[in-house]
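Read left to right, the sequence shown gives residues 154 to 294 (my numbering).
Backbone N, C-alpha and C fix where the C-beta goes; we use that ideal spot for every residue, glycine too.
First up is the structure itself, then whatever we jot down about it.
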Amino acid sequence: MVRLTGAVFFGLVLAGVGGFYAIATMVISRDRPPVRILDPGLVPDDSFPSGHLGTAIAVYGGTVLVLRWLRPRARAWAWLLLLLPVAVALARLYQGAHHPTDELASVLYATAWLGVVGRVVLGLVTSSRDHRVRRRESVLG
Numbered sequence: 154m155v156r157l158t159g160a161v162f163f164g165l166v167l168a169g170v171g172g173f174y175a176i177a178t179m180v181i182s183r184d185r186p187p188v189r190i191l192d193p194g195l196v197p198d199d200s201f202p203s204g205h206l207g208t209a210i211a212v213y214g215g216t217v218l219v220l221r222w223l224r225p226r227a228r229a230w231a232w233l234l235l236l237l238p239v240a241v242a243l244a245r246l247y248q249g250a251h252h253p254t255d256e257l258a259s260v261l262y263a264t265a266w267l268g269v270v271g272r273v274v275l276g277l278v279t280s281s282r283d284h285r286v287r288r289r290e291s292v293l294g
């Protein structure tokens with residue numbers, strides 16, 4: 154049950170983030186910043202939102218939530234994973250691929266969706282005692 158729940162969680166997180174990105178890029182055609190772009194293969198009008206940052210938040214933030222759900226003692230180290238989306242955001246800005254507001258939009262939609270799916274699938278709003286009991290029950294039966 155634990156593996157199934159984790160797979161459902163990541164499937165929903167990535168589908169939601171990818172879906173939002175796909176719809177937003179179809180609806181909003183925004184040119185990239187007027188700077189020298191370091192990646193010549195970038196499409197010139199797909200700046201909003203940042204798909205790289207949205208995916209990084211989904212993957213690394215999702216990993217933090219799953220670790221919090223499965224191994225509460227790993228929390229202190231798991232939060233270090235949240236530095237990776239920050240690095241992705243800075244790299245995309247440095248490359249000239251996005252405006253700061255493109256990055257901000259990705260932070261907002263990916264974090265909000267991650268929170269919704271985390272609450273619904275993993276039940277992360279319960280107390281830690283309830284969580285330990287529920288985790289033991291799901292592993293045992």
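Using only CA atoms, which one of the options lies nearest to residue i?
i: D192; options: A240, L275, Y247; result: Y247
i: Y262; options: F162, V161, G172, F163; result: G172
i: G194; options: F163, A231, A240, A250; result: A250
i: G207; options: R272, V274, A265, V273; result: A265
i: P197; options: V170, A211, H252; result: H252
i: V260; options: V161, V170, R224; result: V170
i: V241; options: S182, R183, R226, I210; result: I210
When you compare only the Cα positions, how much space is there between residue i and residue j?
i: Y174; j: F201; result: 8 Å
i: R245; j: V180; result: 22 Å
i: V270; j: L167; result: 10 Å
i: T254; j: P186; result: 11 Å
i: L267; j: W222; result: 14 Å
i: W232; j: P225; result: 12 Å
i: L237; j: A227; result: 17 Å
Excluding sequence positions up to five away, which residues of its chain have a Cβ less than 7 Å from the Cβ of residue i?
i: L234; result: Y213, T216, V217
i: R273; result: The question names Arg, but residue 273 is Val in the sequence shown. So the list is empty, once near-sequence residues are dropped.
Would you list the residues sitting across from residue i in a DSSP beta bridge?
i: R183; result: D199
Excluding five sequence neighbours on each side, which residues of the same chain lie with their C-beta closer than 6 Å to the C-beta of residue i?
i: G159; result: V219
i: L165; result: V270
i: A177; result: P202
i: A258; result: P202
Within the same chain, show all residues whose beta-carbon is closer than 8 Å to that of residue i, passing over the 5 residues directly before and after it, in chain order.
i: L275; result: T158, F162, L218, V219, W222
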